[in-house]
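Notes to accompany the following structure.
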Amino acid sequence: MDCWIVSALSWFIPVYLLIHLLCFLFADADFTLLWASLAGHKPERKLKGLVVWITGASSGIGEELAYQLAKCGSRLILSARREDELHRVKRHCLETSDLKDDDVLVLPLDLLERTSHEERTKTVIRYFGHIDILINNGGRSQRSLFLETSVDVCQGLMELNFLGTVSLTKQVLPHMTQRGRGSIVTVSSLVGLAGAPLATGYCATKHALQGFFNALRPELTDYPKILISMVCPGPVQSQIISNVFTEELNKPVASVGSQEHKMPTSRCVHLMLVGIANGVKEMWIAQQPFLLFYYAWQYAPTFAWFITDLLGRKRVQNFKAGVVRT
4 MDCWIVSALS WFIPVYLLIH LLCFLFADAD FTLLWASLAG HKPERKLKGL VVWITGASSG
64 IGEELAYQLA KCGSRLILSA RREDELHRVK RHCLETSDLK DDDVLVLPLD LLERTSHEER
124 TKTVIRYFGH IDILINNGGR SQRSLFLETS VDVCQGLMEL NFLGTVSLTK QVLPHMTQRG
184 RGSIVTVSSL VGLAGAPLAT GYCATKHALQ GFFNALRPEL TDYPKILISM VCPGPVQSQI
244 ISNVFTEELN KPVASVGSQE HKMPTSRCVH LMLVGIANGV KEMWIAQQPF LLFYYAWQYA
304 PTFAWFITDL LGRKRVQNFK AGVVRT
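Each number in my numbering corresponds to the 1-based position in the sequence shown with 3 added.
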C-alpha cells in the first residue's frame, strides 16, 4: 500500500508542477486572481447595484472601468478634471448598458485641490446615499532621466499621485467605517513593487501608495467587511503616456510611441473587477515576461536586479537615442 502511494505521488507531483508551469507561461495575472476568474464570484453578479466612484474616469483604465461597471449594473460617479470628457464617457455608459441617467453622476474633481475633496464626498453621499467602492485611479506617469529632471516634477508627482489619493481616501473611509463595509481600490503599478528607469518620481509615488495602504489595512481589522485592495498592472494600453511628466513641469512628451506590446485595457479592467468582486487584496496584472518580474522581485531579488540592470541599461540608451518604447 505504501509503495502504491509513493508511486502515485511520484507521478502526480511532476504532472502537477508541469501544469502550473504551462499555466504560468501563458498567464496574465497572479494565480490567486486567475483562480478567482475561474471559480470565484462573477463581477456582473457581485457588483450589480453597487455605488462605485472612479477617479481618472475620462480616459484609459478609468474610462474602461466605467464601461464595464455600467454593463455590470453598478451605479457610477465619474471624476476627473475634464468635465466634457466625463460627459462623453457617461453617454457611452448609458448607450451600452441598462443604466438610467440618474445612475451616473458626473463629478469633476482635481486631486491637487485637496480642500475640495470633503465637499465632493458629501455631494456623492447626498446623491446616492452611500459609497460602496472607491477606485483611486487618477494620476500621471513620468518619462525622464533623474539627472535631467527638476525636483518640482517629483513634488508634482507626489502631490498628485500620492497625496491626492490619500486625501480622497481620508474623506471616504470614515463613511465606510460608519457603515461597516466598503472597498478602497487603488491602482498602483508594477513599479510600485519594483523599480524602472525613466520614472524615478513615478516609482516613488507608487511605492508610497503600496506602503500607505499596506499599513492602513491592518489598522482596519475591526472592520472585516472593508476591503483595501491594490492593483499592480504592468504595461497597459492607455492614454496616460500622452500626459506624462518630463524633465520640467509643463514640458510635453516628445513622442508617445507604439502601444502594441501592451496589455489591452479591456482585459486589465476585467481582471480588476474579478479581483474586486472576490475581495483580492493585491492583484498582479501583466502579460509575460512582465509577470515574471513580479515573481522574480518577490522571490528572487538578486536575479531580478541582474535582469533589471541589463534591461534598464538598454532602455536608458534607447531613450537617449530617442527610440525608447513607452
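Here a beta-carbon is modelled for each residue, glycine too, at the ideal position from N, C-alpha and C.
Considering only DSSP beta bridges, list what residue i is partnered with.
i, result
"V234", "V190, M286"
"G185", "I229"
"M266", "V239"
"L36", "Paired residues: none, contrary to the question."
"F248", "Q145"
Taking residue i as part of the beta strand (DSSP E), name the residues at either end of that continuous run.
i, result
"R78", "78-82"
"N139", "136-139"
"I57", "54-58"
"L108", "107-109"
By the DSSP assignment, the alpha helix (DSSP H) with residue i in it spans what residues?
i, result
"L115", "Segment: none, L115 is in no alpha helix (DSSP H) and carries neither H nor E."
"V319", "304-324"
"K103", "Taken as a continuous stretch (DSSP letters only), K103 belongs to no alpha helix (DSSP H), as it is neither H nor E."
"F149", "F149 -> no alpha helix (DSSP H), and no H or E assigned at all."
"A197", "Looking at the DSSP string, A197 is not in any alpha helix (DSSP H), and its letter there is neither H nor E."
"L212", "203-222"
"L46", "The sequence shown places Pro at residue 46, rather than the Leu named in the question. First-last of the alpha helix (DSSP H) with P46: 46-49."
"E162", "Run containing E162: none; DSSP gives neither H nor E here."
"K74", "63-75"
Tell me which residues share the same chain as residue i and place their Cβ nearer than 6 Å to its Cβ, disregarding the 5 neighbours each side in the sequence.
i, result
"L171", "H120"
"P111", "E86"
"Q174", "H120, E121, T124"
"A211", "F165"
"I243", "G63, S144"
"V107", "L79, K93, C96"
"R117", "S170"
"V190", "N140, V234"
Beta-carbon within less than 7 Å of residue i's beta-carbon, same chain only, minus the 5 sequence neighbours each way: which residues are those?
i, result
"K265", "P238, V239, Q240"
"V272", "I64, E67, L68, Q71"
"V194", "A202, Y205, C206, K209"
Leaving out the 5 sequence neighbours to the left and right, which residues in its chain are closer than 8 Å to residue i when beta-carbon positions are compared?
i, result
"H178", "T124, I128, H133, I134, G185"
"C157", "T203, G204, A207"
"A32", "S40, L274, M286, W287, I288, A289, L294"
"L28", "Q291"
"R220", "I231, K284"
> Counting Cβ pairs, one atom from each stretch, are 3 or more of them under 8 Å apart for the region 40-48 and the region 280-296?
Replying inline: yes
> Is the region 54-74 touching the region 88-104 in the sense that three or more CB pairs, one from each, lie closer than 8 Å?
Replying inline: yes
> With contact counted as at least three CB pairs below 8 Å, one residue from each stretch, are the region 287-298 and the region 29-40 in contact?
Replying inline: yes
>> Would the region 194-207 count as touching the region 316-325 if we require 3 or more Cβ pairs under 8 Å?
In response: The region 194-207, when compared against the region 316-325, does touch it at the 8 Å Cβ threshold.
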